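Take a look at the structure below.
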Ligand code: F58
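Residue numbers (the numbering used here): 4 to 833.
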């Protein structure tokens, strides 16, 4: 092996290791049995599916570790500029299938398992989801990690290792209940605990001054310390040896902390108190809407960034001895403003601990951070009460004040004494309660601020960050989101994957997704149509079986499967969907028998979680069940219409639902969805979209053409005026009728549903359900008409997949690398 001295101890050890692990089916069988016996400690002659999964996972993990080591060694040797991706949320879902697909050894494992009497699909189902995030933002992080690895970028992900991931949604009598997701209960074979990689994180205390070489220096004397311990999760690229790292931090008691309390003799209470440190990384906040200024959340955020920054600076110092080159070696991506405390933290470390001057430190800090914003909602803007900051992070508060002072001075030079504008742009919000505006801090300090779609950037420029955009126009950019085709086609829809490769004559699209465009030339081919329909039908049958198992409702795969799955939000308008379904039901009920024969049968599928404190969202879930109950049991309706709610929607449920859908709905009020990413997953899988012109859908329309989708509703620029005009406008009669049915208790629970109706009738219908209803029904009618013409529909479906290449996270990551982070691929040799 290159670099080992002959006869060295290392060479002897390498010899003992017998080279790399082998991937032929026989070696894999031996490995699996080895892990059954020695890792899982079951008898090799008798083990069940779950134990097979555990053993299999350990054998995959061994292979991941080999590649991980090689990649990290290689990065260390080459020492390129690295990207650090900081996110408090990652929705990874399952790991097994994705790993063996990316490692290129799926078939070998399937064969190995087969010979041991197991089926890969069944074994893979044993794995639970890693759900360390809420929704779009968190799944996006996971897709982007896959792309960073595949494109050979020298990147690291950082996150928190929550003991409890996103709650499990349990439905009782149609109401959502939240149950804890203790996902680590059965062990987690995918992580590597690094007990030696741990850092102390400080909280509370005071700031003191010392004199160092004749200069004043600040020191933070903490009141509490907690240890951050690293857990590494290898992320393999596809078709490359590169395997990057996702490092998650867990909080542990610190042995430096609280020695005093042990001396007082209260041993038991001292142990219990110390154990409380672990609560910091215990639970993921399940709200995907708003911030509450909670102390524990702030502790979580600082715990996270402190550990990351210590780790990053340590790695930097391993190979560099001057901070002059820091900006050539490090780029830090902030996934929304949640990790923004990293900014004052780097300032603190550089100034207080590394003793750089303020200006030099600021010169570094203002070049290394990149922000992505994921929201247009004003309530999505984080604020930290100054009181809280002062007690928990006293030194950081001083630093933020200093940054703000400098910024305000600079700003005054340009805009003079426009005090309103100065106060809007200030990082510190004055008022009865003084707050730190985390968004302003981030915009002031980041090198670039990125929107997640083109329209999102417009909204950032004209609404959310208007003042900042006018001051720093060049800072604002957009990189439209994307999703990884590896998980969303190759892993979750293997038969479509095979079909695409067959018709393109290559599987190179799995790495080079633009090749999907090649399907366009076959979009009218009758043979492809037949095969395409066949693949889609098999996926629908699988979904129908799942629906029956979960909800007891039997649905026919001959019907159109019409799907809306995503977090439940007023702006995402699941309520519009439900009112449309009620209208359809009402129409069928009042039809003559002869007309019923013309109805296109539909299965309406809704799924998603509501934040635990979000009352309106919870009512929408209940309404869905109440309406479903009525429709599904109405003998007049039969198979013409069904409505089912899929409980506990998560990544692995999505992998089943998306390939089995015909029509998928993305119907947010225009101007509210920053991007949306599930639209891209449906598109890749050949589902036809029924959508508003919002977020990334606007770019999808450009790519595949409005004629291949069903687009309806107000446009972004029309919405503000429509809201103002609302009082004079009359909602269409059909709309008033369906709202009245809910209000009058046609589906029961009228008191409970009253606030939903009031929001529409009495409180101005902020989300414009009434305004968009008529055009929504037209779009639905057009979908019915197109579905009857299966040739037309199949063509639309093929063209959807063909046009989905632009919405791969590979493209997004390449864009960021080039236009923001300034990093280059660093490919570990085979
Ligand atoms: C989502 N944001 C956007 N936030 O809503 C969606 O349009 C976009 O496609 C996606 O990000 C990816 O860019 C989102 O998921 C959160 O979940 C936050 C979590 C923490 C509290 C505030 C919301």
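Think of the CB as a built atom: it goes at the ideal place given N, C-alpha and C, for glycine as much as any other residue. On a predicted model such as this, the values are computed, not experimentally measured, just so you know.
Roughly how far, in whole angstroms, is the beta-carbon of residue i from the beta-carbon of residue j, given that I think they are within contact range, below 8 Å?
i	j	result
residue 738	residue 776	4 Å
residue 522	residue 801	6 Å
residue 231	residue 310	4 Å
residue 490	residue 101	6 Å
residue 717	residue 677	Going by Cβ atoms, the distance from residue 717 to residue 677 rounds to 18 Å, so no, they are not a contact pair.
residue 836	residue 699	Shown here, the chain extends from 4 to 833; a query on residue 836 therefore has no answer.
residue 88	residue 136	Not quite, the Cβ-Cβ distance comes to about 13 Å (not below 8 Å), so this is no contact.
residue 237	residue 71	4 Å
residue 91	residue 399	About 17 Å separates the two Cβ atoms, so there is no contact after all.
residue 105	residue 305	Not really, about 34 Å apart at Cβ, beyond 8 Å.
residue 395	residue 301	6 Å
residue 814	residue 485	5 Å
residue 660	residue 610	7 Å
Do residue j and residue i come within 8 Å of each other at the CB atom, strictly closer than that value?
i	j	result
residue 67	residue 99	no
residue 799	residue 711	yes
residue 178	residue 252	no
residue 647	residue 745	no
residue 582	residue 742	yes
residue 374	residue 452	yes
residue 756	residue 626	yes
residue 244	residue 831	yes
residue 350	residue 368	yes
residue 736	residue 774	no
residue 389	residue 437	yes
residue 642	residue 562	yes
residue 287	residue 169	yes
residue 65	residue 24	yes
residue 84	residue 480	no
residue 274	residue 254	no
residue 519	residue 805	yes
residue 630	residue 571	no
residue 54	residue 43	yes
For residue i and residue j, what's the separation of their Cα atoms in angstroms?
i	j	result
residue 176	residue 141	30 Å
residue 13	residue 337	40 Å
residue 488	residue 11	45 Å
residue 835	residue 146	This structure cannot speak to residue 835, because the chain is shown only from 4 to 833.
residue 156	residue 668	34 Å
residue 833	residue 80	16 Å
residue 393	residue 376	26 Å
residue 298	residue 207	12 Å
residue 670	residue 61	42 Å
residue 740	residue 537	40 Å
residue 628	residue 663	21 Å
residue 416	residue 283	43 Å
residue 576	residue 246	40 Å
residue 1	residue 615	Given a span of 4 to 833 for the chain in the structure shown, any question on residue 1 remains unanswerable.
residue 199	residue 454	38 Å
residue 195	residue 250	9 Å
Comparing C-alpha positions only, which one of the options sits nearest to residue i?
i	options	result
residue 217	732, 21, 358 and 500	358
residue 221	55, 314 and 402	402
residue 693	665, 623 and 147	665
residue 568	208, 684 and 372	684
residue 440	274, 690, 386 and 404	386
residue 329	353, 347, 340 and 341	353
residue 365	395, 326 and 339	326
residue 539	732, 524, 520 and 797	797
residue 139	172, 679 and 426	679
residue 516	159, 121, 172 and 810	810
residue 511	90, 271, 153 and 77	153
residue 816	86, 303 and 503	86
residue 449	519, 405, 467 and 347	347
Is the shortest distance between the beta-carbon of residue i and the beta-carbons of chain D less than 8 Å?
i	result
residue 439	The structure shown contains no chain D; it holds only a single protein chain.
*Meets three-Cβ-pair contact criterion under 8 Å: the segment 105 to 116 and the segment 781 to 800*: no
_Three CB pairs or more closer than 8 Å across the segment 643 to 663 and the segment 756 to 774_ = no
*For the 8 Å Cβ check, are there 3 or more pairs between the segment 538 to 556 and the segment 587 to 605?*
The count of Cβ pairs closer than 8 Å, one atom from the segment 538 to 556 and one from the segment 587 to 605, stays below three, leaving the stretches out of contact.
*For the 8 Å Cβ check, are there 3 or more pairs between the segment 86 to 102 and the segment 618 to 632?*
no
_Does the structure place the segment 181 to 200 close enough to the segment 157 to 169 that three or more beta carbon pairs sit under 8 Å?_
yes
*Answer yes if the segment 493 to 508 comes into contact with the segment 455 to 472, meaning at least three C-beta pairs across the two stretches below 8 Å, and no otherwise.*
Output reads no: the segment 493 to 508 does not touch the segment 455 to 472.
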